[in-house]
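Structure first, commentary second.
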Amino acid sequence: MLIALLLTYMKLHGRIPFPGFLLLLLLMILPGNGYVYAQHSPTGTSVESAPQVTQGFTRFEATPLASKKLPNAVNETSGLIWFRGAWWTHNDSGGKPEIYRLSKSGSEIVQTITLDGAGNHDWEDLTTDGKSLYVGDFGNNGGKRTDLVVYKIDWREVPENDNVSIAPETIRFAWGDQTDMNPKAYKHNFDCESVFYANGSLWLLSKNWGNFTTRLYTLSTKPGRYNILPVYEFDADLLVTGADYDTNNKTLALIGYMNMIPSVWLFQNFNPAHAADGGRIRIDMTGMAGAQTEGICFGPDGKLWISAEKTKVRPQMIYELNVNTFLRPNLTE
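Going by my numbering, the sequence shown opens with residue 1334, and the numbers climb by one from there.
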């Protein structure tokens, strides 16, 4: 297992892991490894350490308890939303231009939406405003793409159960702050794998291979061509791969990983127009080492669902994390 994890890391990052990551992997395979094992709570989440308040945020160590294996047809699952009482997902680069509704167990595909005339250069995330569905073809590992696009379809064109083909509208954009269009692959700060809807706009988060921060951009929901500029930058200290915003509890959730260790960021009382405000919580999940987490969404009861694509050490999965375990109920509005 250790060798497989190392190979997975090197494939993703193109370098030998940091010494700290190597030590973590060694500890994982040794008996009596010194970890503080979780006391399972009835909430569906295992909290493994007391919170640490540092650098303006609260930090937890936890492990999702519930997990479901996804169908083999979505072994490169990327985006994830909850809509019409079901999960919807898609594959990333090289996959078909299709969106899949999953069964309640998550083990089967029960409906397929095909986007007519749309390719899948590198689909990375999807979001909805309740009326339209938006799919982001903006994966940019090489940093050279000039064809970034968000596809838009009307939910009224999607039947309740039957498969359907729909010609999408297109929202095309470019990074207005990118000046070098020939960067080194996996060494730049203009990849993107996350989009969410809030306050009448789409919001995109960069995946920064160069410095592990993330920038927040706003994009119109109307078809057209746009140059967009960042409105906020945040030191995520990981590669951000997915996002979702819960309008009910005003919480933004980000998923990502560093050294193949997944983490979730929660921004409580989040307002995109004032992104620096509100409470911040980080949840590290070292027990999921080797999982390539990609998508994240809030379910109907405030729980978070996290999707992970297949790697050499883990199958494609969906995990449940009870966010209410970590939110601060007395945080001032």
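Beta carbons: idealized from backbone N, C-alpha and C, even for Gly.
Check this for me: beta carbons of residue i and residue j, under 7 Å apart or not?
| i | j | result |
| --- | --- | --- |
| Met-1591 | Leu-1571 | yes |
| Thr-1546 | Val-1573 | no |
| Glu-1642 | Glu-1431 | no |
| His-1521 | Gly-1476 | yes |
| Gly-1428 | Lys-1401 | no |
| Ala-1624 | Pro-1595 | yes |
| Glu-1490 | Ile-1499 | yes |
| Asp-1317 | Gly-1472 | Nothing about residue 1317 can be reported from this structure: the residues present for the chain run from 1334 to 1666 only. |
| Arg-1661 | Gly-1611 | no |
| Asp-1480 | Leu-1562 | no |
| Val-1528 | Arg-1505 | no |
| Tyr-1519 | Trp-1488 | no |
| Pro-1605 | Asn-1560 | no |
| Leu-1535 | Leu-1552 | yes |
If you follow the beta strand (DSSP E) that residue i is part of, which residue opens it and which one closes it?
| i | result |
| --- | --- |
| Phe-1532 | Here residue 1532 turns out to be Asn, not Phe, going by the sequence shown. It is not in any beta strand (DSSP E) - Asn-1532 carries neither H nor E in the DSSP assignment. |
| Glu-1441 | Counting along the chain, Glu-1441 falls outside any beta strand (DSSP E), and DSSP gives it neither H nor E. |
| Ser-1400 | 1399-1402 |
| Ser-1465 | 1465-1470 |
| Lys-1485 | 1482-1487 |
| His-1423 | 1419-1424 |
| Glu-1627 | 1625-1631 |
| Phe-1416 | 1410-1416 |
| Asp-1617 | 1612-1617 |
For residue i, which residues of its own chain have a beta-carbon under 8 Å away from its beta-carbon, when the five flanking residues on both sides are left out?
| i | result |
| --- | --- |
| Ala-1608 | Leu-1549, Val-1564, Tyr-1565, Phe-1567, Phe-1600 |
| Asn-1496 | Gln-1444, Thr-1445, Ile-1446, Thr-1447 |
| Lys-1555 | Ile-1504 |
| Glu-1441 | Pro-1404, Leu-1435 |
| Pro-1633 | Trp-1415, Gly-1418 |
Measuring alpha carbon to alpha carbon, tell me which residue in the options is nearest residue i.
| i | options | result |
| --- | --- | --- |
| Glu-1394 | Ser-1440, Trp-1456, Gly-1635, Met-1618 | Met-1618 |
| Cys-1630 | Gly-1509, Phe-1416, Ile-1442 | Phe-1416 |
| Asn-1308 | Asp-1524, Ser-1553, Asn-1604, Ala-1507 | Given that the chain is displayed from residue 1334 to residue 1666, the structure contains no residue 1308 and the question cannot be resolved. |
| Asn-1582 | Ile-1588, Asp-1513, Thr-1644, Phe-1603 | Phe-1603 |
| Leu-1403 | Ser-1426, Asp-1425, Ser-1436, Gly-1389 | Ser-1436 |
| Pro-1516 | Glu-1526, Arg-1478, Ile-1486 | Arg-1478 |
| Lys-1464 | Trp-1598, Ile-1486, Tyr-1578, Phe-1659 | Ile-1486 |
| Pro-1569 | Lys-1645, Val-1597, Asn-1474, Thr-1580 | A quick correction: the sequence has Ala, not Pro, at residue 1569. Ranking Lys-1645, Val-1597, Asn-1474, Thr-1580 by Cα distance to Ala-1569 puts Val-1597 first. |
With a threshold of 6 Å on Cβ separation, who are the neighbours of residue i within its own chain once the five nearest residues in sequence on each side are excluded?
| i | result |
| --- | --- |
| Asn-1657 | Gly-1635 |
| Tyr-1530 | Thr-1460, Asp-1462 |
| Arg-1647 | Gly-1623, Ala-1624 |
| Ile-1639 | Ile-1588, Thr-1626, Ile-1629, Tyr-1652 |
| Arg-1742 | The requested residue 1742 does not occur in the structure, where the chain is confined to residues 1334 to 1666. |
Spatial neighbours of residue i within its chain, please: C-beta separation below 7 Å, excluding the five flanking residues on both sides.
| i | result |
| --- | --- |
| Ala-1451 | Pro-1430, Tyr-1484, Pro-1501 |
| Ala-1419 | Arg-1434, Leu-1435 |
Could one say the Cβ of residue i lies closer than 7 Å to chain E's Cβ atoms, at least one of them?
| i | result |
| --- | --- |
| Arg-1661 | This model lacks chain E altogether; it includes just one protein chain. |
Whole beta strand (DSSP E) elements within the segment 1507-1583, 3-residue minimum | 1524-1531, 1534-1540, 1547-1552, 1557-1561, 1563-1567, 1572-1579
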